[in-house]
Every structure is written in structure tokens, then in C-alpha cells.
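Report on one structure; see the data block that follows.
2 protein chains.
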Amino acid sequence: MNQSELSRFVVQRRKALKLTQPQLADKVGVGLRFIRELEAGKPTLRMDKVNEVLRFFGCQLGPVPIERSASNNNELDGHA
Amino acid sequence: MNQSELSRFVVQRRKALKLTQPQLADKVGVGLRFIRELEAGKPTLRMDKVNEVLRFFGCQLGPVPIERSASNNNELDGHA
DNA sequence: CGGTTTTATACCTGATAGGGTATGAAATGG
DNA sequence: CCATTTCATACCCTATCAGGTATAAAACCG
Chain A
7 MNQSELSRFV VQRRKALKLT QPQLADKVGV GLRFIRELEA GKPTLRMDKV
57 NEVLRFFGCQ LGPVPIERSA SNNNELDGHA
Chain B
7 MNQSELSRFV VQRRKALKLT QPQLADKVGV GLRFIRELEA GKPTLRMDKV
57 NEVLRFFGCQ LGPVPIERSA SNNNELDGHA
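Going down the list, the protein sequences come from chains A and B. Residue 7 is where the first sequence starts when you use this note's numbering, and the numbers rise one by one after that. Residue 7 is where the second sequence starts when you use this note's numbering, and the numbers rise one by one after that.
Printed below as a string of C-alpha cells:
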């Protein structure tokens with residue numbers, strides 16, 4: 007499972023809030039296993055579920071230029 | 007089906023290339039029905055399939071701040 | 001207007017995502 | 001060091017996504 011940008015984003019944000027996976031799953035209202043798979047970078051996730059999680063972080067899925075996300079560790083994900 | 011940012015993005019890009027839905031489906035290697043649902047804004051799509059399509063446009067799914075995408079018609083999607 | 005192309009909607013089917021859970025590994029910290 | 005917490009992996013089950021197709025509606029253009 008590739009550590010996609012998305013997965014790292016979620017991990018970072020979650021940890022920034024000092025939440026465990028079960029806590030996040032609970033707060034977001036999604037299954038624990040889903041959080042696990044999301045953070046593990048499973049590619050075949052359903053958008054709506056992912057969006058439920060991202061919304062919790064004030065974000066959502068959207069089209070992003072490939073360079074910007076693949077290689078670079080960028081603003082949005084990086085820190086704050 | 008909400009006309010999400012993503013859906014509009016795909017429609018625009020496809021039309022910009024003068025492709026029909028069947029043509030795009032074919033080029034991308036994804037089902038025609040999927041392209042339809044994607045452009046119609048179906049929220050429960052699988053990320054990997056969506057990414058196959060986006061990759062064709064040099065993009066991929068990534069976390070995006072909600073403001074930036076929801077209301078605004080922005081750079082990335084907008085024109086070229 | 002009629003003909004052609006493109007798109008939208010509905011149906012059936014197999015494959016699998018997601019939930020729940022149980023177990024073990026790994027990290028954490030006393 | 002051992003105890004506790006957190007995380008990873010594997011299982012079963014149900015709901016549904018994606019593909020294919022067929023049909024109709026809609027847009028387009030002569």
C-alpha cells in the first residue's frame with residue numbers, strides 16, 4: 007500500500023489533534039477499519055467516505071495537479 | 007446528484023479535448039457508465055477509478071480546502 | 001423539419017468495499 | 001523490564017459499485 011499524499015495528510019492531521027484511529031473513526035462516524043485503510047493508502051476507497059473524513063479537517067477531495075502532490079511535500083498537507 | 011467540483015472539472019476537460027463520453031471512457035480504460043456517473047457528480051465513486059480518469063488530465067485526487075473548491079470556480083478547474 | 005450524434009436512465013450481475021471483530025505486533029511509558 | 005495503549009492484519013457478511021447493455025431523451029446540424 008503506497009503511502010499516498012492523502013494517507014499522510016490524514017495521519018498528520020489526526021496526530022495534530024492528538025486523536026487515535028478509533029477516536030477519529032468515532033468522531034467522523036466511519037468505521038475504524040476504514041480509517042486504517044485510508045491511512046495505509048488503500049487506493050480503492052470510496053470517495054464519499056474519504057470526504058467524510060476530510061470534511062472533519064475542513065477539506066475534501068478535489069482534482070490536483072500531479073506534480074504538486076506526488077513528489078512535493080506541500081503546504082496544505084505539510085504543517086498547519 | 008450534485009454537480010460537484012470534480013464533475014465539472016471532468017466535463018470541462020473532456021470537452022476541451024473534443025472528446026465524447028465513450029471516447030474518454032475508452033481512452034482512459036474505464037467503463038462508459040462510470041464516466042457518466044462521474045460527470046453526473048455521483049459521490050460514492052471509487053477513488054482509484056476517478057484517479058484513472060484524472061491522471062488522463064494530469065491530475066489526481068487530493069485533499070483540498072473546502073472553501074477553495076466548494077463555492078469558487080477556480081484556476082485549476084476553470085480554464086486551460 | 002428529420003437524421004445523426006451525444007448523453008441520460010434503467011436493468012442485471014459479479015466483484016469488492018466497508019463494517020464489525022478478534023488477534024497479534026509494535027510503540028509507549030511506568 | 002513489564003503493562004498499557006495504539007496500530008496492523010485477517011476473517012465473515014452485507015450492500016453496492018462498476019461494467020455491460022438497451023432504450024429514450026436531448027442536443028446538434030443539415
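By construction, the Cβ of each residue, glycine as well, lies at the ideal position given by its N, Cα and C atoms.
Residue 37 (chain B) and residue 45 (chain B) have their C-alpha atoms some 13 Å from each other. Taking CB atoms only, residue 42 (chain A) has no neighbour in chain B less than 8 Å away. For a cut-off of 8 Å, the C-beta gap from residue 17 (chain B) to residue 59 (chain B) is around 11 Å, too long to register as a contact. Taking the Cβ atoms as the reference, residue 30 (chain B) lies roughly 10 Å from residue 42 (chain B), outside the contact range of under 8 Å. Runs of the beta strand (DSSP E) lying entirely within the region 10-73 of chain B and spanning at least 3 residues, in chain order: 65-71. Rounded to whole angstroms, residue 61 (chain A) and residue 35 (chain A) show a C-alpha spacing of 12 Å. Cβ neighbours of residue 9 (chain A) within its own chain (closer than 7 Å, five residues either side excluded): 47. Distance check between residue 13 (chain B) and each of A:73, A:72 and A:68 places A:68 closest, using alpha-carbon atoms only.
Using a CB distance below 8 Å, the part of the region 47-58 of chain A facing chain B consists of 49, 50, 51, 52, 53, 54, 56 and 57, ordered along the chain.
With 16 or more other Cβ atoms from the protein chains shown falling within 10 Å of its own Cβ, residue 11 (chain B) counts as buried.
Check the Cα spacing between residue 65 (chain A) and each of A:72, A:73 and A:54: the tightest is with A:54.
Taking CB atoms only, residue 34 (chain A) has no neighbour in chain B less than 8 Å away. Comparing alpha-carbon positions, the option among B:71, B:73, B:63 and B:33 lying closest to residue 73 (chain A) turns out to be B:63.
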